[in-house]
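Below: the structure, in structure tokens.
In this note's numbering, the protein residues as written are 3 to 178.
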């Protein structure tokens, strides 16, 4: 890395991404690899990733599989070169959105399942009723929250795809 303003920004981004991935349960190296790839205009080899991040090729190989499994990067073969190269997929926003939606759906299902499994209030002891009522109220409110969020998100992916396509079209026109 050089000493330019963008290099400093990219270095800060890399460390923020490392923390974000670590908070999500992945290795910080996964976040550093993702940051490197998201700033790379061309696919990058394992060796180059390792050199740029100052880690072993074996460590990169292991951690890049996490990004692949999440759909956050693609492995490419390039011509007669036997090396594997990695890049961010064109549809990375759609992949991220689907992952967020899947996680929220699982959370909503868990909330609704918990509500279904609540015991019959008629069989509760008097000492349990206040706790039962507050739990039922809070989980019911949480279920409403998820339903509202899902309703608001209907059509977002299509709108996002349309706006990105328009933006890319304008960028192509400006380059001409």
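Where is the CB? At the ideal position from N, CA and C, for every residue including glycine.
My assumption, with CB atoms under 8 Å, is that residue i sits in contact with residue j. Please give the rounded CB distance.
| i | j | result |
| --- | --- | --- |
| residue 21 | residue 30 | 7 Å |
| residue 59 | residue 48 | 5 Å |
| residue 145 | residue 110 | 7 Å |
| residue 90 | residue 40 | 5 Å |
| residue 72 | residue 166 | The Cβ separation is near 20 Å, so there is no contact. |
Taking DSSP's pairing of strands, which residues face residue i in a bridge?
| i | result |
| --- | --- |
| residue 76 | 89 |
| residue 46 | 88 |
| residue 115 | Paired residues: none, contrary to the question. |
| residue 83 | 80 |
Do you know how far the Cα of residue j is from the Cα of residue i?
| i | j | result |
| --- | --- | --- |
| residue 66 | residue 24 | 14 Å |
| residue 131 | residue 117 | 15 Å |
| residue 157 | residue 164 | 11 Å |
| residue 126 | residue 103 | 36 Å |
| residue 115 | residue 161 | 32 Å |
| residue 143 | residue 108 | 17 Å |
| residue 139 | residue 120 | 12 Å |
| residue 172 | residue 178 | 10 Å |
| residue 136 | residue 36 | 42 Å |
| residue 174 | residue 12 | 25 Å |
| residue 85 | residue 63 | 12 Å |
Quick check: residue i and residue j, are their CB atoms within less than 7 Å of each other?
| i | j | result |
| --- | --- | --- |
| residue 75 | residue 87 | no |
| residue 55 | residue 34 | yes |
| residue 159 | residue 99 | yes |
Can you list, in chain order, the residues of its chain with a C-beta nearer than 8 Å to that of residue i? Leave out the 5 residues immediately preceding and following it.
| i | result |
| --- | --- |
| residue 106 | 148, 151, 152 |
| residue 38 | 16, 46, 51, 54, 55 |
Can you list, in chain order, the residues of its chain with a C-beta nearer than 6 Å to that of residue i? Leave out the 5 residues immediately preceding and following it.
| i | result |
| --- | --- |
| residue 78 | 45, 87 |
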